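Numbering (the working numbering), first residue to last: 36 to 258. Before any comments, here is the structure.
Below is the structure:
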């Protein structure tokens, strides 16, 4: 779909920001390389990223080379941590206007529930009318994707980077990650703030982080 059309429809639906969540380790790779990268791009170029449980299926479904966004902050709206990681890159939705050709695709459902053999019209909204009629603001399973970008998705429309606070027991991991993200943002000339997420009731993220094993916390926050 044309990015300008997708942006217009999404703004009509109340979408003004796009969110990409990932681990600290992968986020640092993005900052060192000038933008968000598909998992396939990182793999092809021998860069560093945290494995994801969806990788094998994403390869099989042909979306391993795409960059995924949510239309809402899943952590904030769902009152829970985001399974993809504690770092959220928050973009202005007008990023889509900068995308070439028909590179913007919006899923009808999360690819984890796609079946092999499904056609594009079953997987995506393929027309402006379909997107306008079928997209629901706040629906977690409907993702905005940039299909097979040739390189990094630049930070020109990036508004801020939000890092979850996992609780006092994991404070050293948080502080090290926070300082490294700030250092890379300054070093790479990215015009965006790095902020710590401030959660309160009824958010369940602190309890979830408290129950994480040390190796899981390191996988999410480690450098």
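Cβ atoms here follow ideal geometry from the backbone N, Cα and C, with glycine treated the same way. In this text the structure is predicted, and so the values were computed from the model without any measurement.
Per DSSP, the continuous alpha helix (DSSP H) segment holding residue 110 begins and ends at 109 to 113. Straight-line measurement puts the Cα of residue 182 at about 13 Å from the Cα of residue 96. Residue pairing by DSSP places residue 52 opposite 127 in a beta bridge. In this chain, residue 85 is not harboured by any alpha helix (DSSP H), its DSSP state being neither H nor E. Counting of Cβ neighbours within 10 angstroms places residue 179 among the buried residues, the total reaching 16 or more. Within the same chain, Cβ atoms closer than 7 Å to the Cβ of residue 89 are found at 147, the five residues on either side in sequence being excluded. The C-beta separation of residue 141 from residue 170 comes to about 6 Å, placing the pair in contact by the 8 Å criterion. Classified as buried, residue 143 has 16 or more neighbouring CB atoms from the shown chains inside 10 Å of its CB. According to DSSP, residue pairing for residue 160 in a beta bridge involves 141.
Straight-line spacing of the CA atoms in residue 209 and residue 173 works out to 28 Å.
Less than 9 Å divides the Cβ of residue 230 from the Cβ of residue 197. By the criterion of a C-beta distance shorter than 8 Å, residue 62 is surrounded in its chain by 120, 122, 124, 196, 216, once the five residues flanking it on both sides are discounted. Nearest in C-alpha terms to residue 46, of all of 199, 218, 107, 194, is 107. Put simply, of 176, 184, 255, 235 the residue whose alpha carbon is nearest the alpha carbon of residue 105 is 176. Where residue 38 is concerned, the enclosing alpha helix (DSSP H) starts and stops at 38 to 47. Ranking 51, 203, 257 by CA distance to the CA of residue 132 puts 51 first. Runs of the beta strand (DSSP E) spanning 3 or more residues and lying entirely within the region 207 to 247 occur at 228 to 231, in chain order.
Residue 199 and residue 160 have their C-alpha atoms some 32 Å from each other.
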